[in-house]
Structures are given as C-alpha cells and as structure tokens.
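A.B. asks: Mind looking over this structure? Questions follow.
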Amino acid sequence: MFSLSMMVGLIPLVSMFGLFYSAAVDENFPQGCTSSSSVCFYSLLLPVTIPVYVFFHLWSWMGIKLFRHN
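Each residue of the sequence shown is one higher than the one before, starting from 678 at the first, in our numbering.
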C-alpha cells in the first residue's frame with residue numbers, strides 16, 4: 678500500500694500542514710504560548726513531538742535492519 682520511505686516523508690508534512698491549518702483557521706488557537714507551565718504550550722508541543730518520535734523511531738529501525746543485512 679504505502680512504502681516506508683513514503684510514510685516517513687508524508688507523516689511530518691501532513692502534521693505540519695494540519696498545524697498550520699489550525700493556526701490559520703481556528704480562532705481559539707493559542708497565540709502566545711511561551712510559558713511551559715501553561716496548558717497551551719503542551720497543546721502545541723504534543724502535535725510536534727509525535728511525528729518527530731515516529732520519524733526517528735522508523736529511522737533507527739531502518740538503521741538496525743540495514744546493519745543486520747549488510
């Protein structure tokens with residue numbers, strides 16, 4: 678269905694597009710989240726952290742696969 682390289686490139690792009698779309702359209706989107714003690718800081722941190730985690734998890738998995746087979 679989808680190759681791994683397509684998913685590694687597609688997931689961060691879709692996540693970034695969704696974040697920018699939310700920032701442009703939603704009037705309740707937080708405008709200034711600089712304090713790490715506020716809830717709005719974590720509402721921005723979580724959508725950014727998940728795709729980064731998935732990307733590096735797949736990257737390390739591919740590195741292990743390539744190391745074992747070569």
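C-beta atoms are modelled at their ideal positions from N, C-alpha and C, and glycine is treated no differently.
Bear in mind the structure is a predicted one, so any value in this text is a computation, not a measurement.
Any idea what DSSP makes of residue 680, helix, strand or coil?
C.D. replies: coil
A.B. asks: Would you grab the beta carbon distance between residue 689 and residue 732 for me? Rounded to a whole angstrom, and I think it's under 8 angstroms.
C.D. replies: At roughly 6 angstroms, the Cβ-Cβ gap stays under 8 angstroms, so residue 689 and residue 732 are in contact.
A.B. asks: For residue 692 versus residue 728, is the C-beta spacing smaller than 8 angstroms?
C.D. replies: Contact flag set, yes.
A.B. asks: Closest to residue 684 by C-alpha separation, out of 741, 735, 744, would be which residue?
C.D. replies: Taking only the C-alpha atoms, the option nearest residue 684 is 735.
A.B. asks: What's the gap between the Cα of residue 738 and the Cα of residue 724?
C.D. replies: 22 angstroms
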